[in-house]
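Following this note's numbering, the residues of the sequence shown are numbered contiguously, the last one being 96. Ideal Cβ positions, reconstructed from N, Cα and C, are used throughout, including at glycine. Only one structure is covered here, and it is reproduced in the block below.
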Amino acid sequence: MERDGDGFLLNINDWSEALMYQMAKEDDFEITDEIKEYILKAREMFSQSGTVPAMRDFAKEFGMDRKATKLYEVFKSGPMKKIAKYGGLPKPTGCV
Numbered sequence: 001m002e003r004d005g006d007g008f009l010l011n012i013n014d015w016s017e018a019l020m021y022q023m024a025k026e027d028d029f030e031i032t033d034e035i036k037e038y039i040l041k042a043r044e045m046f047s048q049s050g051t052v053p054a055m056r057d058f059a060k061e062f063g064m065d066r067k068a069t070k071l072y073e074v075f076k077s078g079p080m081k082k083i084a085k086y087g088g089l090p091k092p093t094g095c096v
């Protein structure tokens, strides 16, 4: 399983839940049930659109405000980057 310099998988098909937990452990990041739910939803959205969801669209899926305040409370910084990384998705660009 190959990763880029930031730890993102180069092949999304290499992803597994076990790998998700391993990657998070390497970063000293805990995957809670809530975080796992976000990751699985992002993977579902990616499978439908072929792109990592924009922050606003993702927040809307969970009934959050436009600023995705809840995601920042959970992830502290860069929520979509962490969701994408641990979800085995491509590194997001733009509004994440």
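Around the CB of Y38, 16 or more other CB atoms lie within 10 Å, so the residue is classed as buried. R43 sits in a helix when the DSSP states are folded into three classes. Under the three-state reduction of DSSP, R66 is assigned to coil, being neither helix nor strand.
Pairing A84 with K76 gives a Cβ-Cβ distance that is not under 8 Å.
Taking every protein chain shown into account, the CB of R56 has fewer than 16 other CB atoms within 10 angstroms, so this residue is exposed.
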